[in-house]
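Counting in the working numbering, the sequence shown runs from -9 upward without gaps.
Virtual Cβ for every residue (Gly too), placed ideally from N, Cα, C.
Just below is one structure, and these are the notes that go with it.
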Amino acid sequence: MSGSQKKQPCDLPQSYRVGYKRPPAEHRFRKGQSGNPSGRPKGATNKPKVDTSFGMKAADEFLRQEAYRPVTIREGEKLVELPAIQAVFRAMGVSAMKGNRFAQKTMAELVTNLEQREHDQRFELFGNAIDYKRDWTERIKHCEENGLPIPDPIPHPDDIIVDPRNGGVRIEGPQTEEQKAHYEKAYARRVEAQESVSYFADRYRRSRSAERKAQYLEEWHWEQRIFDIINDSMRGRHKRKLKDRSYRDGASREGETLMAYIEDRKKRPPERKWGDIVGD
């Protein structure tokens, strides 16, 4: 064989022994392609997990994360997991009870300031509720006396209940447009239930057929239950008294039906006593 023939390149595939540090060709990293395409981009640095853009107080967010980070402490024979800030306050309380005057002074000041802030907030809320209730009541009265359209603010002043004894404020009615629409829908269904109760009660009393009376009684109790479920969910001036109420066995009871219905809905559908009354 001549020398030129020995130097001629071979077009046949070369033998390749797969083994340690010698992966199959199809599994080797390709030149210019990352071995982890979804990994961190080249030149990227570790970034915080909170928004540090203009106007954001990143330090406050980091502090909040550390304050509420769960930590484990030992109390006697037990290990208890608490937010870090609560563990700090608990340690301060223990030190104060052991006679540490600095801890006693600091904790007393913290508690006093907390109670003062709560008192100020409650007092401000009470004052705002009184002003709102007075202003809207006067405005509604003015419209009634002068034949003007009666406003219907949200919340309505009659739904705002204030307690001068403890400065408490509660709202017994809708507080948003969405809640008001829900109330109006409930009002309409309650009216239908009242009309049905009165109708089936009358039919029950007039009927002479035992079969028909049983059917009317079932319908009567069904609509009475609907009325009670809706009425029990309302408070204050939004409640109504049901006319032609049935007190027979199986009839719903005022003030008890909503909670009984809620407990019934916790069961599996086949086990529910009342089935699907108002829909899921």
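Legend entry - Cβ neighbour criterion (16 or more within 10 Å) applied to Asp218: Counting from one through the sequence shown, the residue named residue 218 turns up at place 228. Asp218 is buried by the Cβ-count criterion.
Legend entry - Endpoints, alpha helix (DSSP H) assigned at Leu69: The residue labelled residue 69 in the question sits at position 79 within the sequence shown. Looking at the DSSP string, Leu69 is not in any alpha helix (DSSP H); the run it does join, the beta strand (DSSP E), is 68 to 73.
Inset, instruction - Flag this pair as touching only if the region 145 to 155 and the region 173 to 187 have three or more C-beta atom pairs under 8 Å; answer yes or no. - result: Contact between the region 145 to 155 and the region 173 to 187 is not established, with fewer than three Cβ pairs separated by less than 8 Å.
Inset, instruction - Verify whether the separation of the beta carbon atoms of Ala74 and Ala57 is less than 7 Å. - result: On the sequence shown, position 84 is the one that residue 74 refers to. On the sequence shown, position 67 is the one that residue 57 refers to. In contact: Ala74 and Ala57 (Cβ atoms closer than 7 Å).
Inset, instruction - From the DSSP output, in three-state form, read off Asp218 for me. - result: Along the sequence shown, read from residue 1 onward, the residue named residue 218 stands at position 228. DSSP, reduced to helix, strand and coil, places Asp218 within a helical segment of the structure shown.
Inset, instruction - Note down, in chain order, each residue of its chain lying with its Cβ closer than 6 Å to the Cβ of Thr62, except the 5 sequence neighbours on either side. - result: Residue mapping note: residue 62 aligns to position 72 of the sequence shown, counting from 1. Shown here for Thr62: same chain residues with a beta carbon closer than 6 Å to its own, the five before and five after excluded, namely Leu69, Glu71 in chain order.
Inset, instruction - Rounded to whole angstroms, what's the CA-CA distance from Ala119 to Glu128? Just pull it up for me. - result: The sequence position of residue 119 within the sequence shown is 129, counting from 1. The sequence position of residue 128 within the sequence shown is 138, counting from 1. Going by the C-alpha atoms only, they are around 14 Å apart.
Inset, instruction - Quickly, what does DSSP pair Pro60 with across the bridge? List them, please. - result: Walking along the sequence shown from the start, residue 60 turns up at place 70. When beta bridges are read from the DSSP output, Pro60 appears opposite Pro73.
Inset, instruction - Flag this pair as yes or no: are the beta carbons of Asp254 and Arg262 separated by less than 7 Å? - result: Walking along the sequence shown from the start, residue 254 turns up at place 264. Walking along the sequence shown from the start, residue 262 turns up at place 272. Going by beta carbons, Asp254 and Arg262 fall inside the 7 Å limit.
Inset, instruction - Evaluate Arg215 with the Cβ neighbour count: other Cβ atoms within 10 Å of its Cβ, from every protein chain shown; 16 or more gives buried, anything less gives exposed. - result: Translated into the one-based positions of the sequence shown, residue 215 becomes position 225. Buried.
Inset, instruction - Return the bridge partner residues of Glu65 from the DSSP annotation. - result: Along the sequence shown, read from residue 1 onward, the residue named residue 65 stands at position 75. DSSP, once it has assigned bridges, lists Lys68 as partnering Glu65.
Inset, instruction - Go ahead and pull the three-state DSSP assignment for Arg193. - result: For the purposes of this step, residue 193 is taken as residue 203 along the sequence shown, with counting starting at 1. For Arg193, the secondary structure class from DSSP, reduced to helix, strand or coil, is helix.
Legend entry - Cross-strand partners of Val152 (DSSP beta bridge): Taking the first residue of the sequence shown as position 1, residue 152 is located at position 162. The partner list for Val152 (beta bridge, DSSP) reads Val159.
Inset, instruction - Kindly indicate which residue of Arg258, Ile220, His211, Ala250 has the alpha-carbon position closest to the one of Asp239. - result: Taking the first residue of the sequence shown as position 1, residue 239 is located at position 249. Considering only alpha carbons, the answer is His211.
Legend entry - Close Cβ partners of Leu207 (< 6 Å) along its chain, the five nearest in sequence each way excluded: As a working mapping, residue 207 is identified with position 217 in the sequence shown. Answer for Leu207: Tyr194, listed in chain order.
Inset, instruction - Could you work out which residue in Ala49, Asp125, Val84 is closest to Gly66 when comparing CA atoms only? - result: As a working mapping, residue 66 is identified with position 76 in the sequence shown. Taking only the C-alpha atoms, the option nearest Gly66 is Val84.
Inset, instruction - Would you mind sorting Tyr251 into buried or exposed? The rule is 16 or more other CB atoms within 10 Å of its CB. - result: As a working note, residue 251 is residue 261 in the sequence shown. Residue environment analysis places Tyr251 among the buried positions, since at least 16 neighbouring C-beta atoms fall within 10 angstroms of its C-beta.
Inset, instruction - Starting from Glu261, follow the alpha helix (DSSP H) in both directions and report where the run begins and ends. - result: Taking the first residue of the sequence shown as position 1, residue 261 is located at position 271. It is not in any alpha helix (DSSP H) - Glu261 carries neither H nor E in the DSSP assignment.
Inset, instruction - Report yes if the C-beta distance between Gly163 and Arg112 is below 7 Å; otherwise report no. - result: Numbered from 1 along the sequence shown, position 173 holds the residue referred to as residue 163. Numbered from 1 along the sequence shown, position 122 holds the residue referred to as residue 112. No, the Cβ-Cβ distance between Gly163 and Arg112 is not below 7 Å.
Legend entry - 7 Å CB neighbourhood of Arg225 in its chain, flanking five on each side removed: Here residue 225 refers to the residue found at position 235 when the sequence shown is read from its first residue. Here Arg225 has Glu162 as same chain residues with Cβ atoms under 7 Å from its own Cβ, once five neighbours each way along the sequence are excluded.
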